[in-house]
Every structure is written in C-alpha cells, then in structure tokens.
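Novice: Just so you know, we're using this note's numbering here: the sequence shown kicks off at 75 and counts up by one.
Where is the CB? At the ideal position from N, CA and C, for every residue including glycine.
Just so you know, these numbers come straight off a predicted model, no measurement behind them.
Just passing along the structure, written as structure tokens.
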Amino acid sequence: MKLEERIRELIRDYRLIEEGELVAVALSGGKDSLLVLHILTALRDDFGFDIVAITVDEGIRDYREKGLDAARYNTKLLGVELVEKSFKEEFDFSLDEVYGIFKSPCIPCGVFRRHILNKTARSLGADKIATGHNMDDEIQSFMMSLVRGDTRKFSKFGPKLEVIHPKLIPRIKPLWNTSEKETKKWAILNNIRVHLEDCPYSSLSLRSRVKKFLNRIELKRPGTKDLIMKSFIKTFKIEQEDVELFECEVCGEPASMGTCKACELLSVIRGSL
75 MKLEERIREL IRDYRLIEEG ELVAVALSGG KDSLLVLHIL TALRDDFGFD IVAITVDEGI
135 RDYREKGLDA ARYNTKLLGV ELVEKSFKEE FDFSLDEVYG IFKSPCIPCG VFRRHILNKT
195 ARSLGADKIA TGHNMDDEIQ SFMMSLVRGD TRKFSKFGPK LEVIHPKLIP RIKPLWNTSE
255 KETKKWAILN NIRVHLEDCP YSSLSLRSRV KKFLNRIELK RPGTKDLIMK SFIKTFKIEQ
315 EDVELFECEV CGEPASMGTC KACELLSVIR GSL
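Okay, structure coming up:
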C-alpha cells in the first residue's frame, strides 16, 4: 500500500479527524512533522477540516534555526498559517541555558514543548494536535515504559488520544503505522526542504539507546519492528484508562497533581539560576 493511501486509511478507520475540525500540526521542520503537514494539507478538502501549524523554538544553538527555516518554507509553500513560539518568549530562558540542571535535556524540553503546544493550540481554537510520531517512535515509547515499569503510559499507545480534560487538546498520530525509514525516503524522493539532523542532545536520552537497540535488531532481522508493532496491537488493548486531571494551582493548565510538571520544573530552574 502506498504511503499516502495508508495514512488516509488510518485517519478514516480511527476517525482521527472529524469534519469541520481545526487541526494544529506540531511542526518541527523535520521529516516526520513535514510529512504530516503535506499529507493533511492534501486531505483537508476530502475530509472537510482546516489546518494551522505551530512550531516551538526551544533555543538550541546551531540546530533549531534550520528546522524553523524548513517549517517556514513549507507552510508558505502550502499556504498554511504558521504560529511561532519559543521557550525564551514563554519562560525567559532557552534550553541551552538550563539543560545542565537536569539528568537529561529531554526532560525539560519535552515538558515545556507539550505545555506550549497545548496552550497555543487551545488559544487558536484547535480541536486536535497532529504530531509526527511514527511507528518507530511508538515502539520506542512503549519499550521505554516497559523498561521503567510505567504501565500508566500504556494507555497512550495508539493513533488517537481522547479528550480527558477540557483544557487539554487531544493528540493524533497520522504516522502511527508508518516507519521512520519510509518518512525519510518520502522526503528525499519528493525533494522536500527538510531538516534531517538529529538534535545534539538526543544522544543523552534513554530513547536514543532504545532506538539504537531496535535498529540493530532490525538490521539483523528485517521486519522485526513491524512484527513488534503487530504484537503490541494484538496484546494490548488500545484503550485509555480513566484519568483524573486537575488545574495547576500556579498556571491553571491541566495537571495530574496540584502543580503541573511545567511549573514544577520552572521552580527547579528558577531556584538554580
């Protein structure tokens, strides 16, 4: 099945997008998020939805600007509005300035990016946030949760997350069953202006180690990733557990406890600067 047809089928079968909705594409300028942008732009008339793109500048010197350039170029090419946000604008610091406070830079980066994406998407009236998470990302995330014994994260497995709080915009993953290899091939064959470099901080994360492990297995036994994905789908029900969320006592954003993770990390950062 062709890549575009498979993504179209996933959107239709799982009802990732409903007619009349506004979908905010989380756009980094990398191959995965750009594929989501191009595919959704091509499908928006058929499914009857609209698109806006949001990009977040974390403040990673000699890296993020290349992604921003790709995001700006492609949104202009496709006629999609691009809303730009940044850590500096939102929190008055860049990731480069605070990453050393944490065991891994990916911890504050992920928390703050999700925080900004959700607030921005909500302010724009978006019904869904479409991310570039591909099949490789999904397998890695599941394996990481398995290793950590964090069974609560299993409920996030699947191409679609439902509404669990009125202030939390649900995520969809149009590339859920598309491999990273396929997205890279798409970008190259279609001569897409894309940022293909890896984040300079990514090698410090657990995800990087899990990714290398899975890639080594795939190299020795091609098709292993696809079999793992099929096994996950058969073994684990793609259902979300009931989650009780509150509103952060500091910023008012959705939180699993009295204070959201973003405000918790901000307190640590401000106490260290």
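(1) Against chain C, does A336 count as a neighbour if the rule is that its beta carbon must be under 7 Å from one of theirs?
(2) Name the residue from T115, K286, A98 whose alpha carbon lies nearest to the alpha carbon of T194.
(3) From the DSSP output, which residues share a beta bridge with L340?
(4) When the distance is taken between beta carbons, is N192 closer than 7 Å to T252?
(5) So, are the CB atoms of I128 and S346 less than 7 Å apart?
(6) Rounded to the nearest angstrom, how far is the Cβ of L169 from that of I134, given a contact under 8 Å?
(7) State buried or exposed for V20, treating a residue as buried only when at least 16 other CB atoms are found within 10 Å of its CB.
(8) E158 bridges to which residues according to DSSP?
(9) Report buried or exposed for R344, applying the criterion of at least 16 other Cβ atoms within 10 angstroms of its Cβ.
(10) Just to check my reading of the structure: V268 and K105 have Cβ atoms closer than 8 Å, yes? What is that Cβ distance to the nearest angstrom?
(11) What three-state label does DSSP hand I243 in the structure shown?
(12) Just mark G153 as buried or exposed, buried being the case when its beta carbon has 16 or more other beta carbons within 10 Å.
(13) With H, G and I counted as helix, E and B as strand and the rest as coil, what does DSSP make of I203?
(14) Would you check if the region 139-152 and the region 177-191 touch, i.e. whether three or more CB-CB distances between them fall below 8 Å?
(15) Which same chain residues end up closer than 7 Å to H239 when comparing Cβ atoms and leaving out the 5 residues on each side of it in sequence?
Specialist: Let's see:
(1) Absent from the structure: chain C. Only one protein chain is present.
(2) Counting from one through the sequence shown, the residue named residue 194 turns up at place 120. When C-alpha distances from T194 are compared across T115, K286, A98, the shortest belongs to A98.
(3) What you label residue 340 is simply residue 266 of the sequence shown in a count that begins at 1. Paired residue(s): none; L340 is not in a bridge.
(4) Within the sequence shown, numbered from 1, the residue matching residue 252 stands at position 178. Within the sequence shown, numbered from 1, the residue matching residue 192 stands at position 118. Contact: no.
(5) Residue 128 sits at position 54 when you count from the first residue of the sequence shown. Residue 346 sits at position 272 when you count from the first residue of the sequence shown. No, Cβ-Cβ distance for I128 and S346 is not below 7 Å.
(6) Stepping through the sequence shown from its first residue, residue 169 is reached at position 95. Stepping through the sequence shown from its first residue, residue 134 is reached at position 60. At roughly 6 Å, the Cβ-Cβ gap stays under 8 Å, so L169 and I134 are in contact.
(7) Any property of residue 20 remains undetermined from this structure, which presents the chain solely from 75 to 347.
(8) Walking along the sequence shown from the start, residue 158 turns up at place 84. Paired residue(s): T129.
(9) Counting from 1 along the sequence shown, the entry for residue 344 is found at position 270. R344 is exposed by the Cβ-count criterion.
(10) As a working note, residue 268 is residue 194 in the sequence shown. As a working note, residue 105 is residue 31 in the sequence shown. Sure, about 5 Å apart at Cβ, within 8 Å.
(11) Position 169 of the sequence shown, counted from the start, is the residue given in the question as residue 243. Of the three classes helix, strand and coil, the one that applies to I243 here is coil, per DSSP.
(12) Stepping through the sequence shown from its first residue, residue 153 is reached at position 79. G153 is exposed by the Cβ-count criterion.
(13) For the purposes of this step, residue 203 is identified with residue 129 of the sequence shown, where counting begins at 1. Shown here, I203 sits in a strand according to DSSP, grouped into three states.
(14) Taking a cut-off of 8 Å for Cβ pairs, the region 177-191 and the region 139-152 do not touch, as fewer than three such pairs fall below it.
(15) Within the sequence shown, residue 239 is the residue found at index 165, counting from 1. Counting only residues of its own chain and dropping the five nearest sequence neighbours on each side, H239 has a CB closer than 7 Å to the CB of L319, P328.
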